[in-house]
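Visitor:
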Amino acid sequence: MPTIIPGWEAANAPYLGYLHSLDLVATPDKMAPANHLLMQAATQNQMGRTVFMIIGVGQVPPKLVALHAPIVAQPAPPIPTQIDQLHLISSPLDPPIMQHYTANPTLLPGPLPQPPVQPLAPPGLGMMPLFANINTIVAFMKGLNVCICITQVKPKEHGTIDILCHDATGEIDLDVCRACDLQASDIEEGKIYEIYNVGAMALVQHWCPSFHVTQLNFNNWNNDGLIPLYFFNYHPIIQLPSIPDKKIINVPCIIANTSNVMHGKAPRHASFGHASAAPMMRIDMWLVDDSGRSVCLVAFNEFWAELEGTDGCVALLKNIAVDCTYGMSLKTVASYTKVFFEPAIIPGYADLTAWWEAAKDNPSQWHLLSTSCSADGTIALAACSLMTAPPIVNIHQVHAECLDQAAKAMTFHIAGTLDINKQCSVTYAGCATLDCNRKVHQSFLDPNNLHYHCPTGKQSFSVPIAKYCLSFTIIDGNSDCAPATAFNTAATLLLQINMGTMYDVFADEHCYQPVHSFNLGQAMMTVHASTPSTGYWKGKTQWIVMEFFNMGHVYDLSQSLAQPVSLCSLTFTIVSSC
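Structure representation (structure tokens):
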């Protein structure tokens with residue numbers, strides 16, 4: 045019968061070290077027969093870390109013999125140590141100190157408390173720092189020293205300061221994080237500074253490279269005339285098709301014509317440089333230079349007042365963005381765009397002025413790069429005897445090429461007959477500001493003075509003005525149909541009479557005579573097609589007509605196509621202000 049001998053492994057002296065490494069203690073004075081009761085006791089004693097060895101008689105199959113466990117030497121008893129000196133954890137130990145601890149193994153070095161991270165100091169006196177030119181900087185460069193002129197300082201959210209700066213070779217954006225904002229708090233625009241120990245990173249925004257500052261040091265420096273007050277990277281209008289979208293450029297040009305001021309609702313998010321979103325106000329401007337190219341510029345919010353009424357002026361527009369969202373155009377950038385009218389700053393001022401004197405009365409030689417604009421922008425362009433030039437298509441081509449299903453809104457010309465939808469076309473009570481299309485609600489009424497206040501146009505008025513929202517079907521030459529909508533500006537151009545005058549001139553059943561008379565009229569239309577997710581009305585594909593060009597004859601629904609115009613019972617739905 046096999047016998048269980050606790051501690052039998054003590055007979056093998058080298059195995060004792062292995063047991064000690066497992067924290068086991070041998071007890072060879074205990075022996076008992078290996079019956080089933082002891083086996084149960086052995087199972088219960090496993091939590092006590094007891095080792096059993098079973099000794100038996102007979103042949104054991106080789107597959108049941110376990111491999112011999114490795115022999116591990118018993119570890120030496122630990123030597124008590126103590127820390128005798130404190131050293132900086134970031135500095136290596138010199139040879140004398142290493143020899144000291146080798147001779148005294150019971151002594152160990154200890155780490156000193158870590159001091160706070162301090163910004164690197166500028167080079168000492170007598171040292172010539174190496175400054176990098178901005179046009180040579182690429183992303184992820186570290187430890188750069190630059191000598192720059194501060195163009196603009198703009199505090200941002202979370203304590204960050206945004207600084208637009210430049211040298212004689214280029215312009216760059218400097219982001220100063222909160223840890224360094226005290227150093228940047230005293231800098232002034234228009235002065236020259238040396239900045240040390242900055243790193244560059246790629247920025248997925250308007251400015252191509254950007255400094256991402258971890259540690260820096262500002263050092264005021266006298267302007268020796270090598271760095272100008274502003275840096276300009278000029279681009280003539282003819283180069284715009286080759287410039288990537290959202291790129292910031294500087295354009296010397298002539299402001300050919302400007303639209304009226306357009307009012308819009310506040311966007312969902314505030315633009316860069318603004319704490320909260322303000323109602324959107326804008327004008328469409330048509331720029332031209334001596335290359336004979338013309339492009340549309342949309343001037344937002346604070347810039348429209350500066351540019352309104354500047355028709356025929358030569359200007360230099362600094363930091364405007366290329367916008368290819370709705371075709372080739374330009375737009376202002378909040379807090380960055382600057383406008384200069386000084387002849388000394390504008391390159392080729394005399395040449396632009398001489399060219400404009402010869403070309404302003406002959407716009408037919410201009411080549412338009414913009415294929416779309418707002419309905420108000422088309423009025424400003426029509427004043428120059430020009431029209432936008434998007435591709436001319438039919439309805440079948442629009443559906444085949446998915447022009448109304450693209451990720452960005454598409455603009456195209458289409459010729460056809462207008463079948464006015466009397467159920468869906470409406471007039472509504474709108475803001476009394478001429479170029480504000482905001483619908484007036486009863487909540488706009490101030491009970492104290494009985495005046496309405498429009499939150500979009502920022503105007504107070506006593507009586508709303510009637511405005512159009514014209515719904516119709518376009519029937520092209522192939523008899524294909526597509527629904528479209530024209531808002532007040534485009535509808536007024538089509539009917540040649542505004543809604544308020546139509547109320548005053550016509551009365552009773554003849555009130556809508558101008559609308560009735562144009563039913564089944566033929567026109568060339570500029571259509572702005574958008575998807576259900578990007579359009580004015582969410583949830584459905586929509587065609588917004590921005591401008592009309594009359595062509596052919598006009599007929600009435602109740603008459604044959606060969607008969608002249610006569611009035612019929614076509615009516616509109618009047619939508620009240622409440």
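Be aware that the sequence shown starts at 45, since it is given in my numbering, and climbs by one per residue.
Every residue, glycine too, gets a C-beta built ideally from N, C-alpha and C.
Model, not experiment: these values are computed from the prediction.
From E350, P272, G243, V484, pick the residue whose C-alpha is nearest to that of I389; which is it?
Guide: Position 345 of the sequence shown holds residue 389. Nearest C-alpha to I389: P272.
Visitor: When the Cα atoms are used, what is the spatial distance from C513 to L374?
Guide: Sequence index remark: in the sequence shown, residue 513 carries index 469 (1-based). Sequence index remark: in the sequence shown, residue 374 carries index 330 (1-based). Cα to Cα, C513 sits roughly 28 Å from L374.
Visitor: Classify I292 as helix, strand or coil using the three-state DSSP reduction.
Guide: Within the sequence shown, numbered from 1, the residue matching residue 292 stands at position 248. DSSP places I292 in strand when its eight states are reduced to three.
Visitor: Just checking, does the region 337-351 make contact with the region 360-379 on the three C-beta pairs under 8 Å criterion?
Guide: Touching, yes, given that three or more Cβ pairs across the two stretches are closer than 8 Å.
Visitor: How about L462: is its C-beta nearer than 8 Å to some C-beta of chain D?
Guide: Checking the listed chains, one finds no chain D in this structure; it contains a single protein chain.
Visitor: Give the secondary structure of A510 by DSSP, where H, G and I count as helix, E and B as strand, and everything else as coil.
Guide: Here residue 510 refers to the residue found at position 466 of the sequence shown. Of the three classes helix, strand and coil, the one that applies to A510 here is strand, per DSSP.
Visitor: Pick out whichever of V507, Q503, Y380, V190 has its Cα sitting closest to the Cα of L494.
Guide: Sequence index remark: in the sequence shown, residue 494 carries index 450 (1-based). Of the listed residues, the one whose Cα sits closest to L494 is V507.
Visitor: Taking the Cβ atom as the reference point for each residue, do I236 and V197 lie within a distance shorter than 8 Å?
Guide: Mapped onto the sequence shown, residue 236 falls at position 192. Mapped onto the sequence shown, residue 197 falls at position 153. No; because the gap between Cβ atoms is not below 8 Å, this pair is not in contact.
Visitor: Is A534 near M568, with beta carbons less than 8 Å apart?
Guide: For the purposes of this step, residue 534 is taken as the residue at position 490 of the sequence shown. For the purposes of this step, residue 568 is taken as the residue at position 524 of the sequence shown. Not in contact: A534 and M568 (Cβ atoms no closer than 8 Å).
Visitor: Going by DSSP, what residues sit across from N594 in a beta bridge?
Guide: Taking the sequence shown and counting its residues from 1, the one referred to as residue 594 is at position 550. Partner(s): A567.
Visitor: Helix, strand or coil: how does DSSP classify V342 here?
Guide: For this step, residue 342 is matched to residue 298 along the sequence shown. DSSP places V342 in strand when its eight states are reduced to three.
Visitor: Starting from A398, trace the alpha helix (DSSP H) in both directions and tell me its first and last residue.
Guide: To locate residue 398, count along the sequence shown from 1; it is residue 354. That run of the alpha helix (DSSP H) goes 393-403.
Visitor: For N594, which residues of its own chain have a beta-carbon under 6 Å away from its beta-carbon, when the five flanking residues on both sides are left out?
Guide: As a first step, residue 594 is located in the sequence shown; it is residue number 550 there, counting from the start. The residues are A567.
Visitor: Report buried or exposed for L284, applying the criterion of at least 16 other Cβ atoms within 10 angstroms of its Cβ.
Guide: Start at 1 with the first residue of the sequence shown, and residue 284 comes out as number 240. Label assigned to L284: buried.
Visitor: Would you kindly work out how many angstroms separate the C-alpha atoms of L286 and S335, rounded to a whole number?
Guide: For this step, residue 286 is matched to residue 242 along the sequence shown. For this step, residue 335 is matched to residue 291 along the sequence shown. Residue identity differs from the one stated: residue 286 is Ser in this sequence, not Leu. Going from the Cα of S286 to the Cα of S335 covers about 15 Å.
Visitor: Quick check on A534: does DSSP put it in helix, strand or coil?
Guide: Locating residue 534 in the sequence shown gives position 490, counting from the first residue. DSSP places A534 in helix when its eight states are reduced to three.
Visitor: Go to A147, then tell me how far its alpha helix (DSSP H) extends in each direction, as first and last residue.
Guide: The residue given as residue 147 occupies position 103 in the sequence shown. From DSSP, the alpha helix (DSSP H) with A147 extends over 139-147.
Visitor: Runs of 3 residues minimum, wholly inside the region 457-517: which ones carry the beta strand (DSSP E) assignment?
Guide: The region 457-517 contains these whole beta strand (DSSP E) runs: 470-474, 495-497.
Visitor: What is the DSSP secondary structure of H440, counted as helix, strand or coil?
Guide: As a first step, residue 440 must be located in the sequence shown, where it is residue number 396. Reduced to three states, the DSSP call for H440 is helix.
Visitor: When DSSP labels each residue in this structure, what does L360 get in the three-state scheme?
Guide: The residue you call residue 360 lines up with position 316 of the sequence shown. Three-state result, L360: strand.
Visitor: On the premise that S408 lies in contact with Y370, defined as a C-beta separation below 8 Å, what is that separation, rounded to the nearest angstrom?
Guide: On the sequence shown, residue 370 is found 326 positions in, with the first residue counted as 1. On the sequence shown, residue 408 is found 364 positions in, with the first residue counted as 1. With 8 Å as the limit, Y370 and S408 do not qualify as a contact, their Cβ atoms being about 25 Å apart.
Visitor: Under three-state DSSP, which class holds A388?
Guide: Along the sequence shown, one-based indexing puts residue 388 at 344. Coil, per DSSP.
Visitor: From the DSSP output, in three-state form, read off M329 for me.
Guide: Along the sequence shown, one-based indexing puts residue 329 at 285. Strand, per DSSP.
Visitor: Note the first and the last residue of the continuous alpha helix (DSSP H) segment covering G421.
Guide: Within the sequence shown, the letter at position 377 stands for residue 421. First-last of the alpha helix (DSSP H) with G421: 419-426.
Visitor: Quickly, what does DSSP pair H131 with across the bridge? List them, please.
Guide: Sequence index remark: in the sequence shown, residue 131 carries index 87 (1-based). P155, per the DSSP bridge assignment.
Visitor: Roughly how many angstroms separate the alpha carbons of F276 and T354, rounded to a whole number?
Guide: Reading the sequence shown from its first residue, position 232 is the one you call residue 276. Reading the sequence shown from its first residue, position 310 is the one you call residue 354. Spanning the two alpha carbons is a distance of roughly 22 Å.
Visitor: With contact counted as at least three CB pairs below 8 Å, one residue from each stretch, are the region 472-480 and the region 431-441 in contact?
Guide: No, the region 472-480 is not in contact with the region 431-441.
Visitor: Just checking, does the region 450-468 make contact with the region 513-525 on the three C-beta pairs under 8 Å criterion?
Guide: In short, these stretches touch, since the Cβ pair count reaches three.
Visitor: Do you know whose CA, among C480, K502, I464, K483, lies nearest A526's CA?
Guide: If you number the sequence shown from 1, residue 526 lands on position 482. Taking only the C-alpha atoms, the option nearest A526 is I464.
Visitor: From which residue to which residue does the beta strand (DSSP E) around L188 run?
Guide: In the sequence shown, the residue the question calls residue 188 occupies position 144. 188-199 is the extent of the beta strand (DSSP E) around L188.
Visitor: Following the continuous alpha helix (DSSP H) through L351, name the residue where it begins and the one where it ends.
Guide: Stepping through the sequence shown from its first residue, residue 351 is reached at position 307. Here the alpha helix (DSSP H) through L351 covers 348-351.
Visitor: Is H307 helix, strand or coil when you go by DSSP?
Guide: On the sequence shown, residue 307 is found 263 positions in, with the first residue counted as 1. In the structure shown, H307 sits in a strand (DSSP, three-state: E or B).
Visitor: Could you spell out where the beta strand (DSSP E) holding S523 opens and where it closes?
Guide: Residue mapping note: residue 523 aligns to position 479 of the sequence shown, counting from 1. No beta strand (DSSP E) holds S523; DSSP gives it neither H nor E.
Visitor: On the DSSP bridge assignment, give the partners of Q409 in chain order.
Guide: Position 365 of the sequence shown, counted from the first residue, corresponds to residue 409. Bridge partners of Q409: none, in fact.
Visitor: Would the beta-carbon of N301 fall within 8 Å of that of W330?
Guide: Reading the sequence shown from its first residue, position 257 is the one you call residue 301. Reading the sequence shown from its first residue, position 286 is the one you call residue 330. Cβ distance < 8 Å, so N301 and W330 count as in contact.
Visitor: Could you give the residue range of the beta strand (DSSP E) that holds E215?
Guide: For the purposes of this step, residue 215 is taken as residue 171 along the sequence shown, with counting starting at 1. Note, E215: beta strand (DSSP E), 215-220.
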